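Working notes, structure below.
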Amino acid sequence: EADIYQTPRYLVIGTGKKITLECSQTMGHDKMYWYQQDPGMELHLIHYSYGVNSTEKGDLSSESTVSRIRTEHFPLTLESARPSHTSQYLCASSPTGGNTIYFGEGSWLTVV
Amino acid sequence: AQSVAQPEDQVNVAEGNPLTVKCTYSVSGNPYLFWYVQYPNRGLQFLLKYITGDNLVKGSYGFEAEFNKSQTSFHLKKPSALVSDSALYFCAVRDFLSSGSARQLTFGSGTQLTVLP
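Protein chains in written order, with this note's numbering: chain B, 35 to 146; chain P, 7 to 123.
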């Protein structure tokens, strides 16, 4: 069982608010990822990191930003939330040289 | 570019019957193939993977998948379905660029499996 944690699990916020979704892993994995998933739909990679101070944008354009100051921590921030940001956000990690990606439980964001 | 297709949005099967969830892929090189399962309101859980070796891969919860290179398929199977297997299943593929670095994982659109009691 992988140890990757996301908070909050569920959040309802108003339009224009700033929100940070937290993601932490205790496995020492260098690679971390953020995926966006609408209910029952495919996953889309929005951000990834190969190590501290490394961040890249993924396949799906996103208005969110990420940071990687510590190996274990990969928070995602929305400066001004909009209803179109309503979705599930899944954090994941994998070890360098490893092929399996481990996922957190997900954060459900609803912007009203 | 790599891609993966799950041709069935929904699969229904009676409890105790064998189940198959289909996945086909397209890559330029040798693929690494994965299956993940997602239960309602949960994150994805890793089921199994194919990297190399035997074409039949065994994974968690009694699931297995068969890699078929000629048909570019990686179908997920289980000999006897359980009601608790009802979930959303994702196939994923990763291949490698000519530089040797791995591409990111590409997921299929998902297949909702419902096992009927």
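The beta-carbon is built from N, C-alpha and C at its ideal position, and this holds for glycine as well. Fair warning: this is a prediction, and the values are worked out from it, not measured in the lab.
Taking the CA atoms as reference points, Asn87/B sits about 12 angstroms from Lys65/B. Taking the CA atoms as reference points, Glu113/B sits about 43 angstroms from Thr26/P.
The beta strand (DSSP E) runs lying completely inside the segment 38-81 of chain P and spanning 3 residues or more are 38-44, 50-56, 62-64 and 70-74, given in chain order.
Taking 9 angstroms as the cut-off between beta carbons, none of the residues of the segment 60-87 of chain P comes near chain B. Gly68/P and Lys84/P have their C-alpha atoms roughly 6 angstroms apart.
Beta-bridge analysis with DSSP links Gly85/B to Ser88/B.
Non-local C-beta neighbours of Leu39/P in its own chain, meaning closer than 6 angstroms and more than five positions away in sequence, comprise Tyr56, Phe80 and Val99, ordered along the chain.
Around the CB of Asp37/B, fewer than 16 other CB atoms lie within 10 Å, so the residue is classed as exposed. For Tyr136/B, the C-beta contacts it makes with chain P under 8 angstroms involve Phe52, in order along the chain. Rounded to the nearest whole angstrom, the C-alpha separation of Val33/P and Glu139/B is 29 angstroms. Take Glu56/B, set aside five residues on each side of it, and the residues of its chain with a beta-carbon closer than 6 angstroms to its own are Thr41 and Pro109, in chain order. Against chain B, a Cβ distance below 7 angstroms from Leu111/P picks out Ile135.
Looking at the backbone, the Cα of Ala71/P and that of Gln8/P are separated by about 20 angstroms.
Chain B has a Cβ within less than 8 angstroms of the Cβ of Lys55/P.
The DSSP-derived three-state label of Val146/B is coil.
At a cut-off of 8 angstroms between beta-carbon atoms, Leu79/B makes contact with chain P. In terms of Cα proximity to Glu21/P, the closest of Tyr95/P, Thr112/P, Ser86/P and Asp101/P is Ser86/P. For Ala7/P, no beta strand (DSSP E) run applies, since DSSP gives it neither H nor E. Listed along the chain, the chain P residues whose CB falls inside 9 angstroms of the CB of Tyr82/B are Gln110. Leu143/B does not reach chain P, its nearest Cβ partner there being about 13 angstroms away, counting only Cβ pairs nearer than 8 angstroms. DSSP, read as helix, strand or coil, puts His119/B in helix.
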